[in-house]
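**Student:**
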Amino acid sequence: MPVEIQPVDRAVLYCRFSGTITDDDLIALTRQEEILFSALLPDEAIDVIADVSTIDLLPARLFPQLIRLQNLYDSRLAHVAIVGATPYLRAMATILGIMTSQQKYLFCDTLADAQKLFRAGQEPNPRHHRR
Numbered sequence: 002m003p004v005e006i007q008p009v010d011r012a013v014l015y016c017r018f019s020g021t022i023t024d025d026d027l028i029a030l031t032r033q034e035e036i037l038f039s040a041l042l043p044d045e046a047i048d049v050i051a052d053v054s055t056i057d058l059l060p061a062r063l064f065p066q067l068i069r070l071q072n073l074y075d076s077r078l079a080h081v082a083i084v085g086a087t088p089y090l091r092a093m094a095t096i097l098g099i100m101t102s103q104q105k106y107l108f109c110d111t112l113a114d115a116q117k118l119f120r121a122g123q124e125p126n127p128r129h130h131r132r
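Mind the numbering: the sequence shown is residues 2 to 132 in my numbering, read in order.
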C-alpha cells in the first residue's frame, strides 16, 4: 500500500508514503486520519512523521486533494516532520503550509532524526502533546 499510517504512541503518528500516490491513496488516508483524529481529546495535540523517502511520484494534479487532508489544518496537529523530501516535495509542503496558514513543517534527512525530535520531549513540541 503506497500510504500507511501507524500510531507510534498516543502523541506521534508515522505516515509512510511509497511508490506512486494516487487519488484513491489520498481518500484512504483521509479516512484513516478521521479515525485517528477523532480519538484525540480536545486539549491533545499530535506530531506526525511523514516519511516520503521512498515515494516515486506525487502528481501535481493531487494538490487540491492534499489541501483537504486533516493534518494540514487541524489545530490539534503540533508539527509534521517530513523525512527524505526531495526539493520538489519540500516546495510542495512549504506551499501547502502557506496556503493553509500552517507553518508546522520540519524537514529531516532520516527517520532517526525525526524520531529524535519527538522523543526528546523538548522542541518541537514542548507542551508534551497537550495544549
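Backbone N, C-alpha and C fix where the C-beta goes; we use that ideal spot for every residue, glycine too.
Keep in mind the model is a prediction, meaning the values are calculated, not measured.
Once you ignore the five residues that flank ASP57 on each side, which residues in its own chain have a CB closer than 7 Å to its CB?
**Tutor:** Answer for ASP57: GLY20 and THR21, listed in chain order.
**Student:** State the CB to CB distance for the pair ILE36 and VAL13, rounded to an integer number of angstroms; the pair is presumed to be in contact (CB under 8 Å).
**Tutor:** ILE36 to VAL13, Cβ: 16 Å. No contact.
**Student:** Could you give the uninterrupted runs of the alpha helix (DSSP H) lying entirely in the stretch 37–96, keeping only those of 4 residues or more?
**Tutor:** 64–68, all fully within the stretch 37–96.
**Student:** State the Cα-Cα distance for the pair GLN7 and ASP48, rounded to the nearest angstrom.
**Tutor:** Cα to Cα, the separation comes out at about 12 Å.
**Student:** Would DSSP call ARG17 helix, strand or coil?
**Tutor:** Strand, per DSSP.
**Student:** Using alpha carbons as the reference points, say which of GLU5, MET93 and TYR74 lies closest to ARG62.
**Tutor:** Per the Cα distances, MET93.
**Student:** Going by the C-beta, is TYR89 closer than 7 Å to any heavy atom of the ligand ZN?
**Tutor:** Judged by which ligands are present, the structure shown has none, so any question about the ligand ZN falls away.
**Student:** Could you round the C-beta distance between ALA86 and ALA115 to whole angstroms and report it? I think they count as a contact, below 8 Å.
**Tutor:** 11 Å between Cβ atoms; not a contact.
**Student:** What separation, rounded to the nearest whole angstrom, lies between the Cα atoms of CYS16 and ASP52?
**Tutor:** So the two alpha carbons sit approximately 6 Å from each other.
**Student:** Can you tell me whether ASP10 is helix, strand or coil according to DSSP?
**Tutor:** It is a strand residue.
**Student:** Tell me whether PRO3 is buried or exposed, calling it buried when 16 or more other Cβ atoms sit within 10 Å of its Cβ.
**Tutor:** Buried, by the Cβ-count rule.
**Student:** Applying the criterion that 16 or more other CB atoms from any shown protein chain within 10 Å of the CB defines a buried residue, is ASP26 buried or exposed?
**Tutor:** It counts as buried.
**Student:** Could you check which residue in THR55, ILE28, ALA113 and ARG120 has the C-alpha nearest to that of LEU70?
**Tutor:** When only C-alpha atoms are compared, the closest one is ILE28.
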